[in-house]
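Input: a single structure, listed below in structure tokens.
Protein chains in written order, with our numbering: chain A, 18 to 478; chain B, 419 to 1443.
What follows is the structure in structure tokens.
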């Protein structure tokens, strides 16, 4: 009897132990991630759409996008006239020397970042009907998403395709266009390049709509004037000077913004202005200690002894030939001599805003359009140029020519990402390269070429 | 059932009664073949708990009855059973020929004598691991287990190690084996947030380990199902032994230094090259070199003079080798205590270890303290209980990752004219208040002096079991195990480091926590039936594992002064995060081994795995295996061949999986990390794939085990084919979708190879010499990646190409230097219509096609050990090596072996550069800041083969009256050297390399200023009481 009890006890122990360990195990496999949510739960409410819009701004802020590398590339490619590039990032060194190859890491990361941002904007636009709290809110959200999408397409078509004016824009390949969010990958997602003109048309349509939808004031997010200013820039590059001048005029007259009387107060936004954006900035990308990287600072900046908060790789040394172009007393001669070389003081501030569009550009755009069209939309071009010169502490000109406007523009906007597109518009050489040299056009990334057989590579790669 | 139990009980009663009635005292001596005494041999009365151990003279005394059987066992000897014939008995033991009689652990309580094994399992014993200066147990497999490739990657302390069992069987999922410690799958992947990957296996004291088994083929691995495709490493810790309590102390001390230094340019050579490059640029620009705006003037004034604090123009011969600053001789100290003993009811093993190791690079230090207690208790005649508990603390002052200016070895890039110390302040160059922009790059010494990053890991390995005998041959065992990893990382970077840590202008501090719980339960029935004809062993059970990983971190900037280093004092709390990720497995497994007449063996095993990692449409996987063996030497016809003492043919087939595919790769996700300017945001982050599942590896293995000359020569020969399908690929998709890739099970690859193991007892008797050789050839080939471009590594030169091994080097082929003009040349290698390649050369880099120019995976890996002993002297000499693999030195090469393209110092071989028309050389002309041959190419893919004298240990064991008077049983002193010599053609520091900043499955063989392995010299003393 006793033996039997022992045996029973053993079996009971075994059965109980197994039972305890296995009960409910199968259900325990249904677990999910903590830092992410299912895509079908992500865009169902107005709140969801609003945070996705923030995500699109975050996409803009990518170091390879408007975090600064787009501006750096636009200033660096072939620009041996103004910059002595001594950095060791091979991708940038190749860009500077006009020796880019198809797997240039900067060409790849900028391409990827721009399209990731575009997909985020497309997600916002696809769910715009969920924004129901007010028609104004819905308009603003839609306008902002359109502004973001258009801006990225504009940057892509400027960097990766032939400029308007070089051959037939309706035939020259631009970049692939995606206007809906991606949820899966089908054959339709392997897209060919749309023509340069088609991309410009889409960008202009998006910005025009954005300008009409956006409010005049929207904190540091995109507002009506940011969209109009971007439209002015796009139309100028599109060689539609009338529309460029008109858009610039709308910004100057409508935005209520004025030039900051002190040129030097436009910079060091974090060090000097505690992070507040100068009102002259029509749009800037915010960089904070929490979030973002100012990539113009990374490559143009330098740690300057006695200027706390300054940082950078000291890669872009400004040539004395550039500095010699400033007239005596020009406040824009804004360089610091350190370790034997000059560095631009516009981008020393690690947490400073990345400037995208300033009001000064609008005056110069309006002036250029008026000179070219021999008009005086908004103001006479001489007045616009002299307004810029006066702020720089220079004597007014008595007459204005296209060359005078573009020289003022080159100095005013130096190292803010205008060198390459301006040269392509003005059809002037960049360093030792002709304005339409294929080496001034970035390659479609090798990775993208390898994945998508419908793409045609740019000449020379 | 009832009857069987009754019988058992009756037998027990009878036996103990007999024993009690007639026991006598048996005295005797245990000796080896030469008649020398065998101390510490265990004498046990069979089927009773009585056991004693021999004294240092080999004598024993035990109570037993005539007719009882004494079981005599001793480490290094074959066990023997002798019937008690009288009161005096002398027993002679034969040296163990090891290989065939050793017991091999097979998982889930299973074990098999190697003689009867039908799967392929490599075993590394305690003796191979003990007291070798290896920080982690995975490195102990290097050169010791056939077919297991180990690359220590770096000379940094506590860094992760690459382990590949029979080649690389995955592209995107982990290729590291599953580590199972005493039945519990443990955390073995990187958990660091700074520097390169760390190795959680460092937390385990290698001296606690009894054996490591590597389950290599599918038959051995299938019991681990979806987790066995990369091999399974079973780690078994030491347990107690009945008999006298043995107390052992071991202390070893020594130092480590880097295995190699590089020959770099001195100041004069540097000036010669850079001025040559500047003159080239001036000529190109049409600027006279005397022009103050010339490149020459820039190089002289703004480079060489500026970065030497003006000293270069005064004394151009003064030169500094920055390796002198960053390499150091690091002391090594280790103390161990082990206590092992027990009675027939309770057995225990306990250990304590403290290790202090200083790196061969400045700023690197590791300390480990571990304790362990393993107890086995026989509760009664049917119930056994046991518990293992190990606690450890590993403290590591870590180095930055290889691709950081603060990596000490990056100091070789600094100019040789830059003094170590700023002459104006006497402080290391670049220290404020001196000029912080000198040297050329950030001085890594500043991070050593003014920053620290420490990692403090507390680890608990715990395991408890109960085993019940349900009836004769049938046992039930249930286990509960836990692996808890608690890690704190803390960094503080003072303002002096601001050039490197741009946020440190007023100090930056960070602190993060990692808490990983691995909870494992398993219960299984095992059945054993033995008869004259049939032997059956079967196991079936269930396993459930739950892993939870929690992370948090905080960061602060703007400290009142450098005296405050905790984030409590930071004015800005600049960062903070917490996150969690879990995975779970529920599994059912079964295994049966059947032996007929000791000649024919059949084994079946299978496992079903369900996991939270698999997609909705493929939640559960089935993994079967079958194997068979035929011991030919037992057949009558073989008795005519006395030379062949053992011969077995075996073959196995099975399917196993790889579930190390990350957590939740199957879901379509948005992630909430896309905030902007203080507002929260979300972004689409992953495309869904509900069909996603494990990768499947089907493996066929055929082998021969043999013993010759009465098993003085034993060996194994294996051939295997591993075919992996359903490879999880991050399938590249057009970036225009907003995503770069989607995870799919689409790829295929295969590995096949041969393994040879040979163990010989060359000399037995007083002078003993034995040799162990293992050698493995593996050929890996990716057969299908559906056109995906999968790249990685330095400048994305590693690539997955169909028809080649995983991660081959894919880059343009360097064709030398044009003697006419010094241009670097590349083969065009454009594919012609007939399929051949255009072998004409070009100096236009973009005209050269990329081709496969090397493979980081070795074709051949080997290890061989010779052990010698004579009287008290023992000597062990262990070599290992790899061959047929290439390394990528482009990481440094593009800057430091680049014809002085930049201002970085260059390797001395660059002096061979082209200078004038007609020069025939392989180093292109120097052109400052104009790329000439320093693009990624085969120029930087070099032979990575090496043979290394991995360990030499010479010991002397005292054995005399003096020891006895001092109550010591054994005293051994030894000297050992690790990595004493390396035979290689590799031009940089160490061919055994894998830069941590780039490491992935496909990015192997990269060097990026990676610290070399340490060469360690130790003296040690081992005392047994």
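Glycine residues also receive a C-beta, built at the ideal position from the N, C-alpha and C atoms.
Nearest neighbour of residue i, chosen from the options [CA to CA]
i	options	result
residue 315(A)	369(A), 420(A), 380(A)	369(A)
residue 1264(B)	439(A), 311(A), 460(A)	460(A)
residue 575(B)	785(B), 1024(B), 1125(B), 1077(B)	785(B)
residue 918(B)	980(B), 825(B), 1364(B)	825(B)
residue 604(B)	935(B), 1131(B), 1432(B)	935(B)
residue 419(A)	382(A), 441(A), 447(A)	382(A)
residue 1191(B)	942(B), 1296(B), 573(B), 543(B)	1296(B)
residue 790(B)	942(B), 506(B), 962(B), 881(B)	881(B)
residue 128(A)	463(A), 473(A), 380(A), 470(A)	463(A)
residue 84(A)	441(A), 434(A), 389(A)	434(A)
residue 530(B)	633(B), 709(B), 599(B)	633(B)
residue 1194(B)	584(B), 443(B), 578(B), 465(B)	584(B)
residue 810(B)	736(B), 985(B), 877(B)	877(B)
7 Å Cβ shell around residue i - same chain, five flanking residues per side excluded
i	result
residue 1423(B)	1274, 1303, 1304, 1305, 1306, 1362, 1412
residue 431(B)	Legend: pLDDT at residue 431(B) = 41, less than 50; position of this residue unreliable, value from coordinates given subsequently. For residue 431(B), where only same-chain residues beyond five positions count, there are no Cβ hits under 7 Å.
residue 422(B)	Caution applies to residue 422(B), whose pLDDT of 47 falls short of 50 and renders its modelled position unreliable; the value that the coordinates give is listed next. Correct list, in chain order: 889, 890.
residue 223(A)	163, 166, 167
residue 978(B)	987
beta-carbon residue i near the ligand SAH non-hydrogen atom, thresh 7 Å
i	result
residue 1079(B)	As presented, the structure is devoid of all ligands, the ligand SAH included, so that no description of it is given.
Cβ neighbours of residue i in the same chain (closer than 8 Å, five flanking residues each side left out)
i	result
residue 455(B)	447, 448, 449, 472, 474, 475, 476, 477
residue 1156(B)	1102
Chain-order list of residues whose beta-carbon lies under 6 Å from that of residue i (same chain, five-residue window excluded)
i	result
residue 730(B)	722, 723, 835
residue 1440(B)	668, 1390
residue 1496(B)	No information on residue 1496(B) is available, as it lies outside the stretch 419 to 1443 that chain B covers here.
residue 906(B)	874, 931
residue 50(A)	none
Is it true that the stretch 115-124 of chain A meets the stretch 179-194 of chain A, where meeting means three or more beta-carbon pairs spaced less than 8 Å apart? With a cut-off of 8 Å on Cβ pairs, the stretch 115-124 of chain A is not in contact with the stretch 179-194 of chain A, counting fewer than three such pairs.
Determine which residues of the stretch 368-393 of chain A have a Cβ less than 8 Å from any Cβ of chain B, and write them out in chain order. Cβ contacts with chain B come from no residue of the stretch 368-393 of chain A.
Is it true that the stretch 1125-1137 of chain B meets the stretch 1166-1180 of chain B, where meeting means three or more beta-carbon pairs spaced less than 8 Å apart? Counting Cβ pairs under 8 Å, three or more are found: they touch.
Would you call the stretch 672-692 of chain B in contact with the stretch 616-626 of chain B, where contact means no fewer than 3 C-beta pairs closer than 8 Å? Result no; under three Cβ-Cβ pairs closer than 8 Å.
Using a beta-carbon distance cut-off of less than 8 Å, what residues from the stretch 108-121 of chain A approach chain B? So the list reads 110, 111, 114, 116, 118, 119, 120, given in the order they occur along the chain.
Taking only runs that begin and end inside the stretch 1356-1431 of chain B, name each unbroken beta strand (DSSP E) of 3 or more residues, in chain order. Runs of beta strand (DSSP E) with 3 or more residues, each lying fully within the stretch 1356-1431 of chain B, are found at 1359-1361, 1364-1376, 1388-1402, listed in chain order.
For a minimum of 3 consecutive residues, which ranges assigned as the beta strand (DSSP E) are wholly contained in the stretch 507-563 of chain B? Complete beta strand (DSSP E) runs here, min 3: 521-525, 528-531, 539-543.
What residues in the stretch 194-220 of chain A bring their beta carbon closer than 8 Å to a beta carbon of chain B? Result list: 195, 198, 199, 200, 201, 202, 206, 207, 208.
Given a limit of 7 Å on CB to CB distance, which residues of the stretch 300-316 of chain A reach chain B? So the close ones are 303, 305, 306, 307, 308.
Note down, in chain order, all residues in the stretch 1096-1128 of chain B with a beta-carbon under 8 Å from any beta-carbon belonging to chain A. The stretch 1096-1128 of chain B vs chain A, Cβ under 8 Å: 1096, 1097, 1098, 1099, 1100, 1101, 1102, 1103, 1104, 1105, 1106.
When the Cβ atoms of the stretch 330-340 of chain A are set against those of the stretch 1109-1125 of chain B, are three or more pairs found closer than 8 Å? With fewer than three CB-CB distances shorter than 8 Å, the stretch 330-340 of chain A does not count as touching the stretch 1109-1125 of chain B.
Taking contact to mean at least 3 C-beta pairs separated by less than 8 Å, is the stretch 129-149 of chain A in contact with the stretch 158-173 of chain A? Enough Cβ pairs lie closer than 8 Å, so yes.
Could you please tell me which residues of the stretch 1019-1032 of chain B, in chain order, have their CB closer than 8 Å to any CB of chain A? Answer in chain order: 1028, 1029, 1030.
Any residues in the stretch 875-902 of chain B with a beta carbon nearer than 7 Å to a beta carbon of chain A? Which ones, in chain order? 886, 888, 894, 896: these are the residues of the stretch 875-902 of chain B whose beta carbon lies less than 7 Å from some beta carbon of chain A, given in chain order.
Quick one: complete beta strand (DSSP E) runs, 3+ long, within the stretch 734-790 of chain B? Runs of the beta strand (DSSP E) inside the stretch 734-790 of chain B: 748-760, 764-776.
With contact counted as at least three CB pairs below 8 Å, one residue from each stretch, are the stretch 374-388 of chain A and the stretch 422-432 of chain A in contact? Short answer: they touch.
Please list the segments of the alpha helix (DSSP H) lying wholly inside the stretch 779-862 of chain B, counting only runs of 4 or more residues, in order along the chain. Listed in chain order, there is nothing to give.
Touching or not, the stretch 784-798 of chain B and the stretch 760-776 of chain B, by the rule of three or more beta carbon pairs under 8 Å? Contact annotation: the stretch 784-798 of chain B touches the stretch 760-776 of chain B, with at least three C-beta pairs closer than 8 Å.
To test your reading of the DSSP string, which unbroken beta strand (DSSP E) runs of 3 or more residues are found completely within the stretch 630-709 of chain B? For the stretch 630-709 of chain B, whole beta strand (DSSP E) runs of length 3 or above, ordered along the chain, are 650-655, 661-676.
Given 8 Å as the limit, is there contact between the stretch 1133-1140 of chain B and the stretch 1152-1172 of chain B, that is, 3 or more CB pairs closer than that? These segments touch.
Residues in the stretch 716-746 of chain B with C-beta within 7 Å of chain A's C-beta atoms, listed in sequence order? Cβ contacts with chain A: 719, 720, 724.
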